[in-house]
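With the working numbering applied, the sequence shown covers 51 to 234.
Here a beta-carbon is modelled for each residue, glycine too, at the ideal position from N, C-alpha and C.
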Amino acid sequence: MNNRRAFKDADEVESLVDVMADKIGALLGSRGVSDPLLIGIRTGGVWLAEQLHRRLGVEEPLGTLDISFYRDDFTRIGMNPEVHPSDLPTPVDDRHIVLIDDVVHTGRTIRAALNEIFDYGRPASIMLATLVDRSGRELPIQPDVAGLHPQLEQDQHITLIGPEPLELVIGTKTNRSSRSDEQG
Numbered sequence: 051m052n053n054r055r056a057f058k059d060a061d062e063v064e065s066l067v068d069v070m071a072d073k074i075g076a077l078l079g080s081r082g083v084s085d086p087l088l089i090g091i092r093t094g095g096v097w098l099a100e101q102l103h104r105r106l107g108v109e110e111p112l113g114t115l116d117i118s119f120y121r122d123d124f125t126r127i128g129m130n131p132e133v134h135p136s137d138l139p140t141p142v143d144d145r146h147i148v149l150i151d152d153v154v155h156t157g158r159t160i161r162a163a164l165n166e167i168f169d170y171g172r173p174a175s176i177m178l179a180t181l182v183d184r185s186g187r188e189l190p191i192q193p194d195v196a197g198l199h200p201q202l203e204q205d206q207h208i209t210l211i212g213p214e215p216l217e218l219v220i221g222t223k224t225n226r227s228s229r230s231d232e233q234g
């Protein structure tokens with residue numbers, strides 16, 4: 051990515067995360083869910099999930115997913131050389147899950163995460179939360195909770211920088227293999 055510029059600083063991202071936590075809490079409450087399992091998608095989704103986990107006061111450990119083996123584009127962009135294990139602290143069967151990612155763009159990362167979750171079991175429900183919901187869907191996937199909906203040009207990418215502090219930057223796409231929101 052070149053031509054990077056700040057989009058949301060740490061204070062602005064913190065405010066967005068506070069609002070997201072309130073929305074998630076209200077949505078869980080309206081559905082009668084008192085013991086959700088939060089799962090973050092590596093890497094930015096885990097950073098965001100850690101923040102939401104603290105704000106929501108969830109006692110159960112946070113789950114993490116590395117969807118590298120579930121991606122549908124590895125033949126085109128190659129395997130990520132830094133594959134990490136997924137870690138789900140409890141079985142997912144009959145659990146209400148809050149799946150968290152930093153940026154939802156094409157929907158393909160979320161599709162991969164859903165496939166991986168269902169390989170672990172059959173949850174009661176899955177709620178999707180994201181800091182950034184941008185246009186460009188290739189799959190019919192829609193977040194239940196989003197921090198913001200920026201209007202970006204097709205060649206622009208938005209990236210969460212972290213883990214502490216969390217900030218958002220915008221850059222211009224130079225290739226598909228850079229770490230940014232092209233993963234979906």
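(request) Rounded to whole angstroms, what's the CA-CA distance from residue 112 to residue 86? Just pull it up for me. (result) On the sequence shown, position 62 is the one that residue 112 refers to. On the sequence shown, position 36 is the one that residue 86 refers to. Computed Cα separation, rounded: 10 angstroms.
(request) Determine the DSSP secondary structure at residue 174, reduced to helix, strand or coil. (result) On the sequence shown, residue 174 is found 124 positions in, with the first residue counted as 1. Residue 174 falls in the coil class under three-state DSSP.
(message) Report the CB separation of residue 182 from residue 197 in whole angstroms; it is logged as a contact under 8 angstroms.
(response) Against the sequence shown, residue 182 aligns to sequence position 132. Against the sequence shown, residue 197 aligns to sequence position 147. With a Cβ gap of about 7 angstroms, residue 182 and residue 197 count as contacting.
(message) Considering only DSSP beta bridges, list what residue 223 is partnered with.
(response) Counting from 1 along the sequence shown, the entry for residue 223 is found at position 173. For residue 223, which the question treats as bridged, DSSP gives no partner whatsoever.
(request) Give the single residue among 171, 116, 65, 193 whose Cα lies nearest to the Cα of residue 155. (result) Start at 1 with the first residue of the sequence shown, and residue 155 comes out as number 105. Checking every option, the nearest Cα to that of residue 155 belongs to 193.
(message) For residue 102 and residue 67, what's the separation of their Cα atoms in angstroms?
(response) The sequence position of residue 102 within the sequence shown is 52, counting from 1. The sequence position of residue 67 within the sequence shown is 17, counting from 1. Residue 102 and residue 67 have their C-alpha atoms spaced approximately 7 angstroms apart.
(message) By the DSSP assignment, the beta strand (DSSP E) with residue 134 in it spans what residues?
(response) Within the sequence shown, the letter at position 84 stands for residue 134. Here residue 134 belongs to no beta strand (DSSP E), and DSSP marks it neither H nor E.
(request) Would you please state the rounded distance, in angstroms, between the beta carbons of residue 98 and residue 71? I believe it to be under 8 angstroms. (result) Here residue 98 refers to the residue found at position 48 when the sequence shown is read from its first residue. Here residue 71 refers to the residue found at position 21 when the sequence shown is read from its first residue. Not a contact, Cβ separation roughly 10 angstroms.
(message) On the DSSP letters alone, give me the boundaries of the beta strand (DSSP E) that residue 198 sits inside.
(response) As a first step, residue 198 must be located in the sequence shown, where it is residue number 148. Where residue 198 is concerned, the enclosing beta strand (DSSP E) stretches over 195-198.
(request) On a CA-only basis, which of 185, 195, 215, 190 is nearest residue 207? Give me that one, please. (result) Here residue 207 refers to the residue found at position 157 of the sequence shown. Measuring from the Cα of residue 207, the nearest candidate turns out to be 185.
(request) Give the C-beta separation of residue 114 and residue 137 to the nearest angstrom, bearing in mind that I take them to be a contact with Cβ-Cβ under 8 angstroms. (result) One-based indexing of the sequence shown puts residue 114 at position 64. One-based indexing of the sequence shown puts residue 137 at position 87. Rounded, the Cβ-Cβ distance is 5 angstroms, consistent with contact.
(request) Would you mind stating whether residue 163 and residue 117 have Cβ atoms separated by less than 8 angstroms? (result) Residue mapping note: residue 163 aligns to position 113 of the sequence shown, counting from 1. Residue mapping note: residue 117 aligns to position 67 of the sequence shown, counting from 1. Yes, Cβ-Cβ distance for residue 163 and residue 117 is below 8 angstroms.
(request) Reducing DSSP to helix, strand and coil, say where residue 242 ends up. (result) Nothing can be reported for residue 242: it is not among the residues displayed for the chain, which extend from 51 to 234.
(request) May I have a chain-ordered list of the alpha helix (DSSP H) segments no shorter than 4 residues that lie completely inside the stretch 52-86? (result) 60-80
(request) Report all residues from its chain with a CB closer than 6 angstroms to the CB of residue 175; omit the five preceding and five following residues, and keep chain order. (result) Numbered from its first residue, the sequence shown carries residue 175 at position 125. Residues 146 of the same chain have their beta carbon placed closer than 6 angstroms to that of residue 175, with the five preceding and five following residues left out of the count.
(message) Just to confirm my understanding: we take residue 32, look at its own chain, exclude 5 residues before and 5 after, and list those with CB closer than 8 angstroms. What are they?
(response) The structure shown does not extend to residue 32, since the chain is modelled only from 51 through 234, so no value can be given for it.
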